[in-house]
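Under our numbering, think of the first position of the sequence shown as -3, with each following residue one higher.
Notes follow the structure.
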Amino acid sequence: MLVITETQWRSLGLLEPEYREIISRQGREPSPTELAMYSVEWSEHCGYSRSRSAIKSLPRQGRYPVLVGQDAGGIVWDDLAILFKVESHNHPSQVQPRHGAATGVGGIIRDILANGARPIALLDSLRFGTDPDSYRILQGVVDGIQFYGNCVGVPTVGGETCFHPGYNGNCLVNVMCIGLAPRDKLATARAVPGHSVMYLGSRTGRDGIGGCSVLASQDLGEADKRPSVQIGDPFAGKCLIEATLEAIATGHILAVKDMGAAGLTCTTSEMSAEGNCGMALSLDTVPLREHPMAPYEIMMSESQERMLAVVRKGKEQLISEIFHKWGLEAEVMGITTERPVLEISHKGSIVAELSPENLTSPPMRDLPTGPPKPRLLPDIVNLMHPSPSEALLRLLGSPNLCGKHWIYEQYDHMVQVNTVVRPGEGDAAVLRIKGTQKAIAATFDGNSRYTLLDPHRGGVLAVAEAARIVEDLKTRLKQVDSIDDVQVFLDVNPD
């Protein structure tokens, strides 16, 4: 067994107490594959090791029944479930703007899809700096959003784009997706023992692992290294939407989850933990795009357009035929087990054997709490007093006040032909629900300056702004005879 060095576990982002905790939970030193799996599942991105306690304090009750899902939240509206999810893809978009933004769109779509809902709309909230390089990043991000969104067939119906020097070198790319499903047809990520585990979608490559695994980078020559940013394929994404919804409709998909961050590590561990069961899996059946790949590379890969499903025993061929019809891979990786252990083999050897519960329950990293110190924005400490004409020219020259039509005109907002109020026609988008007299109003708002000055009030004001926008729109739309009810749907980005 390979010996894990301090350099390796530190390079994976683990703290010494966390590495000691892994040894304590395992009762031994972890294997390279196990260490890689722990490093991503215990990160803030996957395990919310810093923010979980704060997230749990958010309200979960409202005027409509609330859905708290594995990969998305939502509300129940009569016989419909409206699903939504917001996720950021900041660092990948800073490194490779086009691919980072595109895969951010693809990932959020699959989170909605994993709940059995059809994605019906995208929104985005973008923040950029004011230096020359930020303009290059802006162009790349917008190009990535339109590339993936337009090709995958989901309309981009709203959002916001703001600028501030504080985002120089650190853009924010937040993408939101809305989905719709019959309330009694929702899918779950809770694995059930005694059934088959199937790999569905595109093949697995090395893209996406360079940024999170020092183990992978040590085994690759410079000529073979792939970008740490994932590469999206919107056409495969469209096929995955249709194949997944068709498979769920058979009633033989017992659980399903998107292979997003951490790929197979995330799906296998979280589905098993949710169902209080285990999985016995072979990596030999994983469809690979590159050969050879080490076990930890396969488990860490973030190649796009992939799902993991628990399929009713005996129905594997039916599900395979559906995905093959759409030009996608479908392979049985193993089975779910009563024993709550993830057992992963590769070429006849066990490369990982660990508890899903341990893997998905990271130790919390306590952050200092308390009210923030009062502060002023640096650019208004020495407030100038320009003449009215100078002030007007400065306002007209501000990128925050100029028209953003050159951005949203690149997005297809009419695909699926449900967009009633389009970008540029109002502060919120409106989407009809086919076959009903109902519509959804959606907006995505935040104020970075307010939140910088006072995080608590900034969050309050973001919610208030979004609520005012959609409530005003709701009032005006109810005057239209053809629309009987408008569901207020908002999301806020307090940055």
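The beta-carbon is built from N, C-alpha and C at its ideal position, and this holds for glycine as well.
{"query": "Is the region 231 to 238 touching the region 262 to 278, taking contact as three or more C-beta pairs under 8 Å?", "result": "no"}
{"query": "If you follow the beta strand (DSSP E) that residue 333 is part of, which residue opens it and which one closes it?", "result": "325 to 333"}
{"query": "How many Å lie between residue 14 and residue 410 at the Cα?", "result": "49 Å"}
{"query": "CB of residue 190 to nearest heavy atom of the ligand MG: below 7 Å?", "result": "Absence of the ligand MG from the depicted structure is noted, as is the absence of any ligand whatsoever, leaving it without description."}
{"query": "Excluding sequence positions up to five away, which residues of its chain have a Cβ less than 8 Å from the Cβ of residue 19?", "result": "25 and 26"}
{"query": "Check this for me: beta carbons of residue 116 and residue 51, under 8 Å apart or not?", "result": "no"}
{"query": "Residue ranges of each alpha helix (DSSP H) run of no fewer than 4 residues wholly in the region 433 to 468, ordered along the chain?", "result": "444 to 449"}
{"query": "According to the neighbour-count rule (16 or more other Cβ atoms, all chains shown, within 10 Å of its Cβ), is residue 73 buried or exposed?", "result": "buried"}
{"query": "Entirely within the region 264 to 298 and at least 3 residues each: give me those beta strand (DSSP E) ranges in chain order.", "result": "274 to 278"}
{"query": "Judging by CA-CA distance, which residue of 283, 178 and 309 is the nearest neighbour of residue 297?", "result": "283"}
{"query": "At a cut of 8 Å, does the region 287 to 295 reach the region 136 to 154 through at least three beta carbon pairs?", "result": "no"}
{"query": "Does the separation of the CB atoms of residue 401 and residue 420 fall below 8 Å?", "result": "yes"}
{"query": "Distance cutoff 8 Å, beta carbons only. Does residue 447 sit that close to anything in chain B?", "result": "Absent from the structure is chain B; it holds one protein chain and no more."}
{"query": "Can you give the Cα-Cα distance for residue 128 and residue 165, rounded to whole angstroms?", "result": "11 Å"}
{"query": "Quick one: what does DSSP say residue 419 is sitting in, helix, strand or coil?", "result": "coil"}
{"query": "Within a Cβ cutoff of 8 Å, which residues of the same chain sit near residue 69, ignoring the five residues on either side of it in sequence?", "result": "62, 63, 79, 80 and 81"}
{"query": "Any idea which residues DSSP pairs residue 70 with across the strands?", "result": "63 and 79"}
{"query": "Would you report the Cα separation of residue 216 and residue 348, rounded to the nearest angstrom?", "result": "Its pLDDT being 31, under 50, residue 216 is placed unreliably in this model, and the value from its coordinates should be taken loosely. Distance between the alpha carbons of residue 216 and residue 348: 22 Å."}
{"query": "Please classify residue 414: does DSSP put it in a helix, a strand, or coil?", "result": "coil"}
{"query": "DSSP state of residue 320, grouped into three classes?", "result": "helix"}
{"query": "Alpha helix (DSSP H) containing residue 33: first to last residue?", "result": "28 to 37"}
{"query": "Could you name the residues of the same chain whose beta carbon sits closer than 8 Å to that of residue 359, not counting the 5 residues immediately before and after it, in chain order?", "result": "13, 14, 17, 38 and 45"}
{"query": "Taking 8 Å as the cut-off, decide whether the C-beta atoms of residue 251 and residue 305 are in contact.", "result": "yes"}
{"query": "Helix, strand or coil for residue 147, going by three-state DSSP, please let me know.", "result": "helix"}
{"query": "Given a cut-off of 8 Å, decide if residue 112 and residue 185 are closer than it, judged by their beta-carbon atoms.", "result": "no"}
{"query": "Does residue 123 pass the burial test, meaning 16 or more other C-beta atoms within 10 Å, or should it be called exposed?", "result": "buried"}
{"query": "Please name the residue in 295, 271, 171 and 398 whose C-alpha comes closest to that of residue 155.", "result": "171"}
{"query": "Measuring only the C-alpha atoms, how far is residue 427 from residue 418?", "result": "9 Å"}
{"query": "Alpha carbon to alpha carbon, how far is residue 75 from residue 413?", "result": "22 Å"}
{"query": "Is the separation between the beta-carbon of residue 89 and that of residue 102 shorter than 8 Å?", "result": "no"}
{"query": "From which residue to which residue does the alpha helix (DSSP H) around residue 121 run?", "result": "Not the alpha helix (DSSP H): residue 121 falls in the beta strand (DSSP E), residues 114 to 124."}
{"query": "If the criterion is Cβ atoms closer than 8 Å, does the pair residue 299 and residue 199 meet it?", "result": "yes"}
{"query": "Please classify residue 0 as buried or exposed, where buried requires at least 16 other C-beta atoms within 10 Å of its C-beta.", "result": "buried"}
{"query": "For a test of the three-state rule: what should DSSP assign to residue 12, helix, strand or coil?", "result": "helix"}
{"query": "Span of the alpha helix (DSSP H) holding residue 181?", "result": "Per DSSP, residue 181 belongs to no alpha helix (DSSP H) and is neither H nor E."}
{"query": "Look at the alpha carbon of residue 249 and the alpha carbon of residue 272, and state the distance between them as a whole number of angstroms.", "result": "18 Å"}
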